[in-house]
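Everything below concerns the one structure shown next.
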Amino acid sequence: MLSDNTKIGTGLLMLGCIFLFLGVLFFFDSALLALGDLLFLVGLTLTIGFSRTVRFFSRKDRIRGILSFFGGIVLVMMRWPILGMILQLYGLIYLFGQFFPILGM
């Protein structure tokens, strides 16, 4: 059975993904992208817990992905949405690349 925090976190995570999609769809609207980033981070924190989130984002072997992901968030907040989303996408692929299946061996 899922706890209430996990349910709320999953909802916020989905809302963050929807806002990010709408921000890209509406020609990189920085307000929607910033709101999507915040909802994504809060939803991730509520879904997996605070200590696991801190542990995930403080791994030494993934420092390049962590810095590029948070640097992209900062660029989106500073109204550089296209460059910020490119940097965030690189950071997400670098951070969550182990979850993607390996294609074509």
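All the letters of the sequence shown, read from the start, carry residue numbers 2 to 106 under this note's numbering. C-beta: ideal position from N, C-alpha, C; glycine also. Only a predicted model underlies this, so the values are computations on that prediction, with no experimental measurement involved.
Alpha carbons only, please: which of the options is nearest the one belonging to residue i?
i: residue 15; options: 28, 31, 2, 39; result: 39
i: residue 93; options: 19, 8, 27, 68; result: 68
i: residue 7; options: 27, 49, 19, 35; result: 49
I'd like the list of long-range same chain contacts for residue i, defined as Cβ closer than 7 Å, with 5 residues on each side in sequence excluded.
i: residue 83; result: 29
i: residue 23; result: 33
i: residue 13; result: 40, 43, 44, 47
i: residue 89; result: 70, 73, 74
In the DSSP assignment, find the alpha helix (DSSP H) that holds residue i and state where it starts and stops.
i: residue 5; result: 5-26
i: residue 56; result: 51-57
i: residue 98; result: Taken as a continuous stretch (DSSP letters only), residue 98 belongs to no alpha helix (DSSP H), as it is neither H nor E.
i: residue 65; result: 64-78
Under 9 Å, do residue i and residue j count as touching if we go by C-beta distance?
i: residue 96; j: residue 85; result: no
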